[in-house]
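Read the structure below first, then the notes.
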Amino acid sequence: MELQALPSRIGQVRRIVSAQLRYWHLDPLIDPAALGVTELLTNVHRHAEPDKQCTVEIALMLDRLTVSVRDQDPRLPRLRTCDPFATHGRGLALVASVSQSWGMHARDDGSGKVVWFTLAVPRPTATAKSPLTAHGAGRTAPPHRTDASRPAPAPTAPG
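Per my numbering, the very first residue in the sequence shown carries number 1; after that it's consecutive.
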């Protein structure tokens, strides 16, 4: 999505990213992805020249979610060590702390840069019981009649 990295738009992008991750059933990634995209967009708002125009992309590929922000400023950001009482300057450190990996590169044509981070997609867990374990191991579910005019299936002999 293309946008001007203004404070009012940053909140909207957070909500859009969160909604997309909810749609993809990736709820555990919502908080770190929203924090990361907020920090990257805040950097565009504070530092990018000549304007605040940028593009946000989220991509889900196999076991990885990648969030990237592209702007028109070719200057690469720096990871800083901040004074404990500083009120800004921790954006990339926060991105690094919540992500699996992160990085940046200038665009080949000199028209800006891309800053990105990845998050590991959690493996699905089996929470529902299978029909066999729901009724007991080795037992089958009782016959189920769906049409009253047809007789139920005959029971089968054990084993």
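In this text, a Cβ means the ideal position worked out from N, Cα and C, and glycines have one as well.
Contacting residues, own chain, Cβ-Cβ under 6 angstroms from residue i (five flanking each side not counted)
{"i": "residue 68", "result": "57, 114, 116"}
{"i": "residue 3", "result": "9"}
With 16 other Cβ atoms within 10 Å as the buried cut-off, status of residue i
{"i": "residue 70", "result": "buried"}
{"i": "residue 32", "result": "buried"}
{"i": "residue 27", "result": "exposed"}
{"i": "residue 59", "result": "exposed"}
Within 8 angstroms, strictly: CB atoms of residue i and residue j
{"i": "residue 35", "j": "residue 13", "result": "no"}
{"i": "residue 112", "j": "residue 73", "result": "yes"}
{"i": "residue 29", "j": "residue 65", "result": "yes"}
Cut-off 7 angstroms between Cβ atoms - residues of its own chain near residue i, not counting five sequence neighbours on either side
{"i": "residue 95", "result": "36, 39, 40, 102, 117"}
{"i": "residue 78", "result": "none"}
Check: residue i C-beta below 7 angstroms from any heavy atom of the ligand HEM
{"i": "residue 1", "result": "Absent from the structure shown: the ligand HEM. Ligands present: none."}
- [ ] List in chain order: all unbroken alpha helix (DSSP H) runs of 4+ residues lying wholly within the region 51-101.
- [x] 91-98
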